[in-house]
Amino acid sequence: MEPKPSPQQERLVWWILWASFQIGIVFIYVFIGKTGSSTAANEPTFWPVGLFPVLISGVIRWSFLPTLKEGAKALPFFILGIALAEASCFLGIFIFPSHQTHLFVASALGIFQFIPFYFDRYFGSNSGQPDQ
């Protein structure tokens, strides 16, 4: 049987995932978003639809994640929330190019809200140890 990772190792995984998504969204926007030319004539006018993934991400972060007590159960929702926030940037690049900056900012803020400062509830000093 393999040893269970320490709380510090688990916390490090969350920080690496969060930082990778946060930095990755900037690289995606700079290298993919700015390469195409946008023609507003062919673009749908309902671009605020691109904000829905960020809004769903906010619901996951502020309503659902606080109810979970274990890091192993929260991690998939952490990743799902960040991925939904990132989706708004892709919608801006490929579907709504004249509003890609707005959707990039919303996406970056959506990912930022998942910054792992609050994860002591999952990996506190007594995490994985019996109550005394």
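One gets the numbering used here by counting positions in the sequence shown from 1 and adding 1 to each.
Think of the CB as a built atom: it goes at the ideal place given N, C-alpha and C, for glycine as much as any other residue.
Per DSSP, the unbroken alpha helix (DSSP H) holding Tyr123 starts and ends at Asp121 to Phe124. Your pair Glu71 and Ile112 does not check out as a contact, with CB atoms roughly 23 Å apart and the cut at 8 Å. For Ser89, same chain residues with a beta-carbon under 7 Å away, outside a window of 5 residues either side, are Gly51, Leu52, Pro54, Val55, Leu104, Ala107, Ser108 and Gly111 in chain order. Just so you know, the alpha carbons of Phe95 and Gly82 end up roughly 21 Å apart. Under the DSSP assignment, Pro54 falls in the alpha helix (DSSP H) whose first and last residues are Phe53 to Val60. When the Cα atoms are used, Phe65 and Leu85 turn out to be separated by approximately 14 Å.
Residues Glu71, Gly72 and Ala75 of the same chain have their beta carbon placed closer than 7 Å to that of Tyr123, with the five preceding and five following residues left out of the count. Taken in chain order, the complete alpha helix (DSSP H) segments of 4 residues or longer contained in the stretch 48–108 are 53–60 and 72–95.
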